[in-house]
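One structure is given below, encoded as structure tokens.
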Ligand code: FA5
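Laid out in structure tokens, this is it:
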């Protein structure tokens with residue numbers, strides 16, 4: 529009876545091995561037939577009950593069945609391993625004859641490019657480049673620029689206030705104050721940097737944008753000096769004649785104050801969303817430094833005077849590279865950035 533049982537175990541194990549779909553199914557057969565509690569182990573246990581004369585033949589048969597099952601298991605396992613390896617190789621296959629995709633060079637952001645150009649220009653004219661913090665004190669962003677608390681000019685720039693009473697600087701002008709405090713007169717400085725305003729965004733307005741501050745303090749500085757430097761700046765950037773207009777502008781930290789506008793280079797002055805159909809774009813507010821600002825900076829206005837300007841660096845980049853929407857500059861869109 530046991531020999532018949534062994535034959536039966538063998539044939540059903542071999543059939544299960546052939547039908548197995550993967551390594552897991554094979555393992556299951558191994559456990560069921562060859563495992564410590566498997567079918568062959570059960571037969572071994574019953575060997576004691578078999579008459580001694582039959583035992584040897586049964587032992588031989590048991591070993592043969594065991595070897596047959598083990599042999600097929602090993603063969604199928606190898607087959608599955610080979611198949612898995614082939615699948616992995618197929619997935620990882622590289623066509624070494626294909627041309628390489630090439631190395632794409634990165635480039636500087638257009639604002640960084642224009643900032644560097646302006647820095648080089650002003651350094652060549654004896655100016656120092658200063659840096660200031662983006663989180664500023666109310667004192668340097670407003671008070672020391674002749675904008676005391678409750679002055680209506682505070683409303684000209686919608687401010688992001690911080691919980692600790694400081695603020696995100698609304699312009700780069702606080703670096704004027706830092707420059708005067710640190711360097712004293714005579715002074716020639718520029719300060720490029722990021723500024724923040726709680727504004728709604730459109731084609732020419734961002735909440736986060738770049739300005740470049742400039743200040744010169746010396747003896748007998750006049751509007752003629754200011755115009756000379758502004759013209760040198762614009763010619764240096766655009767490498768051609770650009771049409772500008774100067775009109776009176778009010779800023780509490782300069783007297784007299786001006787707005788220097790540039791004829792819109794996107795539409796050629798005809799009117800577009802960037803210039804709000806006016807043909808002109810506000811680019812470069814400037815003026816002669818107010819005596820109070822010099823005093824706040826520790827400089828005696830009886831001995832010294834100066835000019836200051838606050839260039840809209842982001843808008844300048846738009847004009848230089850004919851970018852029709854300010855939002856593209858901070859979009860991180862590689863299709864846009866790769867053009868520079
Ligand atoms: C100022 O910020 C003054 N601190 C500039 C100044 C400095 C005047 C020194 C006199 C002396 P204003 O708020 O106009 O001024 O901003 C300066 C320039 O920043 C603008 O001419 C414009 O080009 C740019 N600008 C202003 N608001 C935005 C905005 N939301 N998005 C992009 N650019 C802006």
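In the numbering used here, the protein residues as written are 529 to 868. In this text, a Cβ means the ideal position worked out from N, Cα and C, and glycines have one as well.
Per-residue burial, residue i [other beta carbons within 10 Å of its own, 16 or more giving buried]
i, result
"residue 667", "exposed"
"residue 870", "The displayed coordinates of the chain run from 529 to 868. Any statement about residue 870 would go beyond what the structure contains."
"residue 859", "exposed"
"residue 704", "buried"
"residue 559", "exposed"
"residue 536", "exposed"
"residue 630", "exposed"
"residue 818", "buried"
"residue 543", "exposed"
For residue i, the residue or residues it bridges with in DSSP
i, result
"residue 716", "744"
"residue 696", "663"
"residue 723", "737"
"residue 686", "Answer is none; residue 686 lacks a bridge partner."
"residue 730", "733"
Rounded distance between the beta-carbons of residue j and residue i, thought under 8 Å
i, j, result
"residue 713", "residue 832", "5 Å"
"residue 776", "residue 816", "The pair is not a contact, with the Cβ atoms about 13 Å apart (cut-off 8 Å)."
"residue 722", "residue 662", "6 Å"
"residue 780", "residue 851", "At roughly 31 Å, the Cβ-Cβ gap does not stay under 8 Å, so residue 780 and residue 851 are not in contact."
"residue 593", "residue 568", "7 Å"
"residue 808", "residue 792", "6 Å"
"residue 749", "residue 824", "With a Cβ gap of about 18 Å, residue 749 and residue 824 do not count as contacting."
"residue 744", "residue 716", "5 Å"
"residue 633", "residue 827", "Between residue 827 and residue 633 the Cβ distance is about 46 Å, and since that is not below 8 Å, they are no contact."
"residue 538", "residue 562", "Actually they are not in contact, since the Cβ atoms of residue 538 and residue 562 sit about 12 Å apart, beyond 8 Å."
is_contact[residue i, chain C] using C-beta, thresh 9 Å
i, result
"residue 568", "Although the question refers to chain C, the structure presented lacks it and comprises just one protein chain."
- Query: With a cut-off of 8 Å, do at least 3 Cβ pairs link the stretch 634-642 to the stretch 843-863?
  - Reply: yes
- Item | alpha helix (DSSP H) segments (min. 4 residues) lying fully within the stretch 633-660 | 638-651
- Message: Pairs of beta-carbons, one from the stretch 551-558 and one from the stretch 598-609, closer than 8 Å: are there three or more?
- Response: yes
- How about the stretch 692-701 and the stretch 832-841: do they share at least three Cβ pairs that are nearer than 8 Å? yes
- Note down, one range per segment and in chain order, each beta strand (DSSP E) of at least 3 residues found wholly within the stretch 751-831. 772-776, 782-791 and 808-817
- Query: Are three or more beta carbon pairs between the stretch 573-593 and the stretch 531-551 nearer than 8 Å?
  - Reply: yes
- Query: Of all the beta strand (DSSP E) runs that stay within the bounds of the stretch 590-628, which reach a length of 3 or more residues?
  - Reply: none
- Does the count of Cβ pairs from the stretch 788-799 and the stretch 761-777 closer than 8 Å reach three? yes
- Message: Any contact between the stretch 612-621 and the stretch 576-587? By contact I mean 3 or more CB pairs, one from each, below 8 Å.
- Response: no
- Query: Pairing CB atoms from the stretch 682-695 with CB atoms from the stretch 651-660, are three or more of them under 8 Å?
  - Reply: no
- Query: Which ranges would you report for the alpha helix (DSSP H) in the stretch 828-866 if only whole runs of at least 4 residues count?
  - Reply: 841-849 and 862-865
- Scan the stretch 543-581 and note each continuous alpha helix (DSSP H) run of 4 residues or more that stays entirely inside, going in chain order. 551-562 and 567-574
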